[in-house]
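Okay, structure first, notes after.
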Amino acid sequence: MVPQSFIQELLYRIDIADVVGRYVPLRKAGSNFSACCPFHNEKTPSFIVSPTKQFYHCFGCGKHGNAINFLIEHTGMSFVDAVENLAASVGLQIPVQQAVTYSRVFESRLSPTKKEGEQDKAGESVQHMAESMKIAAQYYRSQLKNAEHAIAYLKRRGITGEIAVRFGVGYAPANRQNLASVFSDYLLKQSENVLVKVGLVIHGNDGKHYDRFRNRIMFPILDQKGRIIGFGGRVLDAGEPKYLNSPETALFIKGRELYNLFAASKAIRKTGRALVVEGYMDVVMLAQHDIDYAVATLGTATTPFHIQKLLRQTDKIIFCFDGDSAGRKAAWRALENSLSQLRDGKDISFLFLPENEDPDSYVRKYGKESFEALLDQALPLSEFFYGELSGRVNLQTSEGRAGLVQHARPLLAQISGAPVLALMLIKRLALLTSINQNELEGLLQIKRKNLFSRPNLKRPQPVTPYRKLIQLILHDPVYVEKLEKSMLTGDGEQNDEKTLLIELIDFFNALSPQDLKDATLLSIKAYFCDNPYYELLETIEKEISMWGEGVDIEAEFTGILLRLREMRRKQRMAVLHSKPLNLLTLEEKRELQQLYVS
Numbered sequence: 001m002v003p004q005s006f007i008q009e010l011l012y013r014i015d016i017a018d019v020v021g022r023y024v025p026l027r028k029a030g031s032n033f034s035a036c037c038p039f040h041n042e043k044t045p046s047f048i049v050s051p052t053k054q055f056y057h058c059f060g061c062g063k064h065g066n067a068i069n070f071l072i073e074h075t076g077m078s079f080v081d082a083v084e085n086l087a088a089s090v091g092l093q094i095p096v097q098q099a100v101t102y103s104r105v106f107e108s109r110l111s112p113t114k115k116e117g118e119q120d121k122a123g124e125s126v127q128h129m130a131e132s133m134k135i136a137a138q139y140y141r142s143q144l145k146n147a148e149h150a151i152a153y154l155k156r157r158g159i160t161g162e163i164a165v166r167f168g169v170g171y172a173p174a175n176r177q178n179l180a181s182v183f184s185d186y187l188l189k190q191s192e193n194v195l196v197k198v199g200l201v202i203h204g205n206d207g208k209h210y211d212r213f214r215n216r217i218m219f220p221i222l223d224q225k226g227r228i229i230g231f232g233g234r235v236l237d238a239g240e241p242k243y244l245n246s247p248e249t250a251l252f253i254k255g256r257e258l259y260n261l262f263a264a265s266k267a268i269r270k271t272g273r274a275l276v277v278e279g280y281m282d283v284v285m286l287a288q289h290d291i292d293y294a295v296a297t298l299g300t301a302t303t304p305f306h307i308q309k310l311l312r313q314t315d316k317i318i319f320c321f322d323g324d325s326a327g328r329k330a331a332w333r334a335l336e337n338s339l340s341q342l343r344d345g346k347d348i349s350f351l352f353l354p355e356n357e358d359p360d361s362y363v364r365k366y367g368k369e370s371f372e373a374l375l376d377q378a379l380p381l382s383e384f385f386y387g388e389l390s391g392r393v394n395l396q397t398s399e400g401r402a403g404l405v406q407h408a409r410p411l412l413a414q415i416s417g418a419p420v421l422a423l424m425l426i427k428r429l430a431l432l433t434s435i436n437q438n439e440l441e442g443l444l445q446i447k448r449k450n451l452f453s454r455p456n457l458k459r460p461q462p463v464t465p466y467r468k469l470i471q472l473i474l475h476d477p478v479y480v481e482k483l484e485k486s487m488l489t490g491d492g493e494q495n496d497e498k499t500l501l502i503e504l505i506d507f508f509n510a511l512s513p514q515d516l517k518d519a520t521l522l523s524i525k526a527y528f529c530d531n532p533y534y535e536l537l538e539t540i541e542k543e544i545s546m547w548g549e550g551v552d553i554e555a556e557f558t559g560i561l562l563r564l565r566e567m568r569r570k571q572r573m574a575v576l577h578s579k580p581l582n583l584l585t586l587e588e589k590r591e592l593q594q595l596y597v598s
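The sequence shown begins at 1 in full-length UniProt numbering and counts up one residue at a time.
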C-alpha cells in the first residue's frame with residue numbers, strides 16, 4: 001500500500017507539464033499548455049495541461065486526470081509503476097515498510113519462508129535482477145556478431161541487420177555455461193544467485209549450474225518502463241521446444257506482458273489500432289514492413305490484463321491468427337477473455353490468415369498494402385461470437401437453438417461494461433433462435449440497463465445504503481472508523497456498490513491514522529484506477545460534487561447505519577421465517593423473538 005501522504009507529496013512536487021511533455025509536444029496557451037490529444041486522433045488541439053491545477057483534460061474525448069493517471073492511461077503502467085516512475089524523477093523514495101509492489105508480493109510467494117528483514121530488501125533485489133537482464137542482453141547481442149550460422153538463419157528468414165539491432169536480437173551460444181564469462185557470481189548457491197532468480201540459469205539436480213538458453217536466437221522482452229524483464233529464445237535447428245521463454249519471476253509475469261508493447265505504443269496511438277499476433281518473428285517481420293503497431297503474447301493465451309493494457313492505448317484491437325483449428329481455438333480464448341473488458345465504443349476483431357500462412361510469411365510474400373487490406377476485412381467480435389457458437393449446434397432443430405442459448409448465456413453475462421453491445425448481441429440471439437426478445441432476456445436472467453427509458457424526474461430512485469456510505473466515506477474518509485465491516489457481510493446480497501464499498505473500507509483500514517486524515521478524492525481515484533469498479537467510483541464522485549450546502553454529514557451517516565441495520569434485521573427474519581417452525585433450534589426461536597421486538 002502506497003501511503004496517501006506520500007502520493008500527495010509526490011503530486012505536489014512534480015510538474016504535470018514536465019510529465020506530459022515527455023510524451024506529447026506541448027505549446028504554451030496562456031497559463032496552460034495545449035496539444036493534439038494523445039488518446040485519440042485529431043488535427044485541432046483540444047488537449048489542455050494545467051500547471052496551476054495540475055491536471056490534463058481533453059475536450060474532445062473527455063480524458064482527464066493527474067500525472068499518475070496520465071502515465072497509466074498513456075503508457076499502460078500499473079498504479080504502483082506510475083508512482084515509482086514519478087518518484088524516481090523527483091528523487092523521492094516510496095516508504096519501504098508500506099509500499100508493496102507486485103514484484104515483492106511475487107517474490108515472497110516464491111519464497112514463503114523469507115524473514116521480514118529479507119523481504120524489506122525485495123526492491124533492491126528486483127533492481128539487481130533488472131540490471132542482470134540488461135547485461136545478459138548485451139552479451140547475447142555481442143555473440144550474434146560472430147555467430148555465422150545464426151546470422152545466416154536470420155537472413156534466411158528475411159530479417160535485416162537494421163531490424164535486428166532495433167529489436168535487440170542476440171544469440172545464445174551452444175555451450176552450457178556461456179554466461180559464466182560475464183557474471184562472476186554465476187556459481188553462487190541457488191538462494192543467492194540472481195541469474196537463477198531471473199531464469200537465465202538453471203540449478204540442476206546434480207547441483208551444477210547451466211544456461212537455460214543455448215544455441216538460440218534471443219529476443220529480449222521489455223516492460224512498459226523499457227526494462228528487459230525476460231527473453232524468448234528461438235531454436236536454430238529442429239530441436240524442441242521451438243520457442244523457449246523465460247520462466248515467471250519477480251520481474252516477468254507472462255499473463256501481464258506483451259512483446260513489443262513498449263516500442264509499439266506510439267504507433268498504436270498514431271494508427272488508432274493494435275494488432276495482436278502469436279510470435280516474435282511475426283512482430284519483427286511486420287515492423288520490417290513498416291507495420292509498427294503489432295504485439296505478441298508470450299507463450300500464454302490472451303488474458304484480460306493484456307486486453308486492459310491495449311484498450312488504454314487504443315479503441316481498436318485486431319487479433320491475427322492462423323486459419324487452422326489451433327488458430328481458431330486461440331482466437332476463441334482471446335474472445336472469452338475480452339468480454340469482461342469490453343466497453344461501448346471499443347472495437348475488437350479477428351483476422352484468420354489463409355491456410356499455411358502466418359503474418360511473417362504473408363507480409364514477406366505480399367507486402368504491407370495487401371496485409372493491411374486483410375486487416376480491414378477482420379471479423380467483428382459479434383460476428384465471430386455467433387459464427388463460432390452457431391457452428392457447435394444445429395439451428396434447424398429446437399434442441400440446437402436451445403443449445404445455442406445455453407452456450408451464449410455465461411458469455412453474455414460477462415459483458416458488464418458495454419450495455420449497447422450486450423443489447424445488440426441479445427437481439428441477434430433472439431433472431432437466431434426465433435425467441436421473443438423479452439422472453440429470451442427472462443431465460444438468460446441477465447440484468448441490463450434500459451438505455452432508452454426516460455428518467456422519472458418526479459420520483460427519482462432512492463440511493464441505496466451502500467452507495468450513500470460510499471459517498472460519505474469519500475467525502476470524509478475518517479467516517480470509515482465508525483463503520484463495522486461485519487454489517488456488510490453474511491447477508492448473501494452481492495452487487496457492484498457493495499463490492500466497491502468493501503474494497504474502499506479495506507483500502508482505508510490499511511492506512512495509518514494520518515494517511516486516512518490526509519486522503520483526498522484525487523489520491524483515492526489514482527489508487528483505484530486499475531479497479532474494475534473505477535467507473536462507478538467516478539460516477540459517485542460526480543454525485544458528491546452536486547451536493548448542496550448545509551449537508552449534515554453526521555446525521556446522514558447515522559441514518560444510513562440505522563437503515564442498514566433494519567435491512568439486515570428484515571433479511572434475517574425472512575431467513576428464519578423460511579424454515580418450518582418445528583425445525584427452528586431453541587437459539588433461532590429466541591433470535592426470532594428478539595428480532596420482532598428490536
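Just so you know, even glycine gets a beta-carbon here, dropped at the ideal spot from N, CA and C.
Predicted model, so just to flag it, every value in this text is computed and none were measured.
Same chain only: Cβ atoms within 8 Å of residue i, ignoring 5 sequence neighbours per side
{"i": "L584", "result": "L576 and L592"}
{"i": "A130", "result": "R227, I228, I229 and L251"}
{"i": "L311", "result": "I317, Q341, R343 and K346"}
{"i": "I135", "result": "V182 and F183"}
{"i": "N522", "result": "Note that residue 522 is Leu in the sequence shown, not Asn. Correct list, in chain order: L11 and N66."}
{"i": "G387", "result": "L379"}
{"i": "Y280", "result": "F219, G232, R234, Y243, Y259 and A296"}
{"i": "K368", "result": "H289, D290 and I291"}
{"i": "F452", "result": "Summary for F452: the model assigns pLDDT 49, below 50, so the residue's position carries little reliability, and this model does not support an answer."}
{"i": "A147", "result": "Y171 and P173"}
Assumed close pair residue i, residue j - CB separation to whole angstroms, cut-off 8 Å
{"i": "L528", "j": "L537", "result": "A quick correction: the sequence has Phe, not Leu, at residue 528. That belief holds up - the Cβ atoms of F528 and L537 are roughly 6 Å apart, short of 8 Å."}
{"i": "T314", "j": "R273", "result": "6 Å"}
{"i": "P51", "j": "D15", "result": "6 Å"}
{"i": "L298", "j": "I221", "result": "7 Å"}
{"i": "residue 599", "j": "L351", "result": "The chain is shown only over 1 to 598; residue 599 falls outside these bounds and no answer can be derived."}
{"i": "L432", "j": "S398", "result": "Wrong, their Cβ atoms sit about 13 Å apart, outside the cutoff."}
{"i": "V283", "j": "C320", "result": "Their Cβ separation, rounded to whole angstroms, is 11 Å, which puts V283 and C320 out of contact at 8 Å."}
{"i": "I473", "j": "V480", "result": "5 Å"}
{"i": "A287", "j": "I159", "result": "No, A287 and I159 are not in contact; Cβ-Cβ is about 10 Å, not under 8 Å."}
Neighbourhood of residue i by C-beta distance below 7 Å, restricted to the same chain and skipping five residues each side
{"i": "L488", "result": "K498, L501 and I502"}
{"i": "Y293", "result": "A264, A267, I268, T271, R273, A274 and L275"}
{"i": "A526", "result": "I7, N66, I68, N69 and F79"}
Unbroken beta strand (DSSP E) run spanning residue i, endpoints
{"i": "P247", "result": "Note, P247: premise wrong, no beta strand (DSSP E); not H, not E."}
{"i": "A422", "result": "Here A422 belongs to no beta strand (DSSP E); instead the alpha helix (DSSP H) covers P419 to T433."}
{"i": "A296", "result": "A294 to A296"}
{"i": "V83", "result": "Premise fails: V83 lies in the alpha helix (DSSP H), F79 to S89, not in any beta strand (DSSP E)."}
{"i": "Y479", "result": "Looking at the DSSP string, Y479 is not in any beta strand (DSSP E), and its letter there is neither H nor E."}
{"i": "G170", "result": "G170 to A172"}
Continuous alpha helix (DSSP H) stretch holding residue i: start and end
{"i": "H149", "result": "E148 to R156"}
{"i": "I163", "result": "G161 to R166"}
{"i": "G442", "result": "Q437 to L444"}
{"i": "V276", "result": "Note, V276: premise wrong, no alpha helix (DSSP H); beta strand (DSSP E) at A274 to V277."}
{"i": "D344", "result": "Where D344 is concerned, there is no enclosing alpha helix (DSSP H), given that its DSSP letter is neither H nor E."}
{"i": "V384", "result": "Going by the sequence as given, residue 384 is Phe instead of Val. Its alpha helix (DSSP H) spans residues L381 to S390."}
{"i": "I473", "result": "P465 to H475"}
{"i": "K368", "result": "P359 to L375"}
Close Cβ partners of residue i (< 6 Å) along its chain, the five nearest in sequence each way excluded
{"i": "F55", "result": "N66"}
{"i": "V194", "result": "H128, M129 and S132"}
{"i": "S34", "result": "R27, P45 and I48"}
{"i": "I348", "result": "I317, S338 and L381"}
{"i": "T101", "result": "Any answer about T101 is weak, because its pLDDT of 39 lies below 50 and its placement is not dependable; what the coordinates show is given next. Hits under 6 Å: V80."}
{"i": "V420", "result": "D344"}
{"i": "L429", "result": "A408"}
{"i": "F59", "result": "S46"}
Neighbour flag for residue i against chain C, beta carbons, 8 Å
{"i": "P465", "result": "The structure shown contains no chain C; it holds only a single protein chain."}
Jot down the residue ranges of each uninterrupted alpha helix (DSSP H) in the segment 484 to 543, minimum 4 residues, whole runs only, in chain order.
496 to 509, 513 to 518 and 521 to 527
Suppose only complete runs of 4+ residues qualify. What are the alpha helix (DSSP H) ranges in the segment 183 to 271, listed by chain order?
194 to 197 and 261 to 271
Quick one: any contact between the segment 236 to 250 and the segment 325 to 337, if contact means 3 or more CB pairs under 8 Å?
No: fewer than three Cβ pairs fall under 8 Å.
Across the segment 7 to 21 and the segment 70 to 80, are there enough close Cβ pairs to call them in contact, namely three or more that are closer than 8 Å?
yes
Fully enclosed by the segment 550 to 593, which alpha helix (DSSP H) runs are 4 residues long or longer?
553 to 577
For the structure I just gave you, are there three or more beta carbon pairs, one from the segment 146 to 154 and one from the segment 164 to 181, closer than 8 Å?
yes
Which whole runs of the beta strand (DSSP E) in the segment 1 to 55 are 3 residues long or more, in chain order?
27 to 29, 32 to 35 and 47 to 50
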